[in-house]
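Written below as structure tokens is the structure these notes are about.
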Ligand SMILES: NC(=O)c1ccc[n+]([C@@H]2O[C@H](COP(=O)([O-])OP(=O)(O)OC[C@H]3O[C@@H](n4cnc5c(N)ncnc54)[C@H](O)[C@@H]3O)[C@@H](O)[C@H]2O)c1
Ligand SMILES: O=P(O)(O)OC[C@H](O)CO
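In the numbering used here, the protein residues as written are 36 to 368.
Spelled out as structure tokens, the structure:
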């Protein structure tokens, strides 16, 4: 299969490396200089330092149209902020398209009252309704996939040909890919776990203990499920790879960029300092407000998410966040 991966960050590169063992894969970087450096040095020094790119992987840049015209599967490996543009560019494609982004679109600070950001599949329905598209998600640190460590992913789409193409492209060699039709559930899991990982990073950075972290993960899963079900998702999806699976990984795994943001905030860094020192995208920072806005519109209670938003906004300090969550009225589980 001819696969085009657009975006040479950590995750796009790791999946392109993996697929190159069995398919013809082109990895496209928007920065020609970066593409040239990857192609000649055989290493993505910025995003996956120390890991050699397979010889078969072609790294390229420049005009995307000829590459798009030849591809049998196109994967958008960019952050959520670039998804709308990518899907708009690909809207007339006749081959399956998948994105790797996990989040909701951020709502600009100057957006009119009542506006809210969308999940990837909602963006796709707006800008490319005829596209056969889906998402590849699940618990997966790029670094571990690039080093061939065992990983399980979920390919979610309403279109069977997209699910099949993703399984054919990526299943094998220590990577299992499960198929799921519930794309909204899979996307809500992937977006909300990032926000919750900021909360557990903060919790661990403040040394609140293992009991507190387990409580955040469990009550966070309840929040995630409530929002997903209100958006039309299946409850079972949240017990799967993109729900509980990715929440456990991201909330507890020190490779997580979202968790690192929480840890850095606990050390007293400002949000700007934390984001800058990370050097990678932490989608929870941009999605948190949208998650809360969608929840409020639907009448869904998400106290942990609300506390993370208040922390990111600077309206609550780290100790105040703990007080706000622990001081809530008792309620039934
Ligand atoms: N890194 C992981 O372990 C991992 C795992 C699963 C999912 N994801 C998700 O994948 C998405 C990408 O994450 P990442 O870790 O690769 O990010 P990253 O910060 O490592 O890299 C982002 C890359 O996207 C590129 N980019 C940004 N806007 C672009 C545009 N308009 N066109 C082309 N390229 C553009 C940047 O130049 C950069 O190369 C995020 O939504 C993330 O949540 C990441
Ligand atoms: O590093 P994070 O926090 O963006 O998480 C990466 C992946 O989404 C984990 O599945």
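Built from N, CA and C at the ideal position, the CB exists for glycine as well.
All figures in this text were calculated on a predicted structure; none of them were measured in a lab.
Notebook entry, point to check: Around the C-beta of residue 53, are 16 or more other C-beta atoms found within 10 angstroms, so that it is buried, or is it exposed?
Noted result: Walking along the chain shown from the start, residue 53 turns up at place 18. Looking at its Cβ environment, which holds 16 or more other Cβ atoms inside 10 Å, residue 53 is buried.
Note to self: Quick check on residue 113: does DSSP put it in helix, strand or coil?
What the structure shows: Counting from 1 along the chain shown, the entry for residue 113 is found at position 78. Under the three-state reduction of DSSP, residue 113 is assigned to coil, being neither helix nor strand.
Notebook entry, point to check: Between which two residues does the alpha helix (DSSP H) containing residue 229 stretch?
Noted result: Position 194 of the chain shown, counted from the start, is the residue given in the question as residue 229. Counting along the chain, the alpha helix (DSSP H) containing residue 229 begins and ends at 218-240.
Check: Is residue 285 near ligand 2, in the sense that its beta carbon is under 7 Å from a heavy atom of that ligand?
Finding: The residue given as residue 285 occupies position 250 in the chain shown. Answer for residue 285: yes, Cβ within range of ligand 2.
Notebook entry, point to check: If we ignore side chains and look at the alpha-carbon of each, how far apart do residue 209 and residue 193 end up?
Noted result: Position 174 of the chain shown holds residue 209. Position 158 of the chain shown holds residue 193. Their Cα atoms are separated by approximately 26 Å.
Notebook entry, point to check: Does the count of Cβ pairs from the stretch 220-230 and the stretch 258-272 closer than 8 Å reach three?
Noted result: yes
Check: According to the Cβ coordinates, are residue 218 and residue 152 closer than 8 Å?
Finding: Residue numbering aside, residue 218 sits at position 183 when the chain shown is read from its first letter. Residue numbering aside, residue 152 sits at position 117 when the chain shown is read from its first letter. No, they are not a contact pair.
Margin query: Are there any heavy atoms of ligand 4 lying less than 7 Å away from the beta-carbon of residue 84, as far as the coordinates show?
Written below: As presented, the structure is devoid of ligand 4, carrying ligand 1 and ligand 2 as its sole ligands.
Next item on the list: Evaluate residue 285 with the Cβ neighbour count: other Cβ atoms within 10 Å of its Cβ, from every protein chain shown; 16 or more gives buried, anything less gives exposed.
Entry: Against the chain shown, residue 285 aligns to sequence position 250. Buried.
Check: Which stretch, first to last residue, makes up the beta strand (DSSP E) that contains residue 332?
Finding: Against the chain shown, residue 332 aligns to sequence position 297. Looking at the DSSP string, residue 332 is not in any beta strand (DSSP E); the run it does join, the alpha helix (DSSP H), is 318-333.
Notebook entry, point to check: What is the residue span of the alpha helix (DSSP H) that residue 251 lies within?
Noted result: Locating residue 251 in the chain shown gives position 216, where the first residue counts as 1. Looking at the DSSP string, the run of the alpha helix (DSSP H) that includes residue 251 is 245-265.
Next item on the list: In the DSSP assignment, find the alpha helix (DSSP H) that holds residue 293 and state where it starts and stops.
Entry: The count along the chain shown starts at 1 and reaches residue 293 at position 258. Where residue 293 is concerned, the enclosing alpha helix (DSSP H) stretches over 292-301.
Next item on the list: Provide the residue span of the beta strand (DSSP E) that contains residue 214, from first to last.
Entry: Sequence index remark: in the chain shown, residue 214 carries index 179 (1-based). From DSSP, the beta strand (DSSP E) with residue 214 extends over 210-215.
Notebook entry, point to check: Does the separation of the CB atoms of residue 110 and residue 92 fall below 8 Å?
Noted result: Translated into positions along the chain shown, residue 110 becomes position 75. Translated into positions along the chain shown, residue 92 becomes position 57. No, these two residues do not count as a Cβ contact at 8 Å.
Notebook entry, point to check: Comparing the C-beta of residue 313 with each C-beta of chain C, is any distance below 8 Å?
Noted result: The structure shown contains no chain C; it holds only a single protein chain.
Margin query: Does residue 61 come out as helix, strand or coil in the three-state DSSP assignment?
Written below: The count along the chain shown starts at 1 and reaches residue 61 at position 26. In the three-state scheme derived from DSSP, where H, G and I count as helix and E and B as strand, residue 61 is classed as strand.
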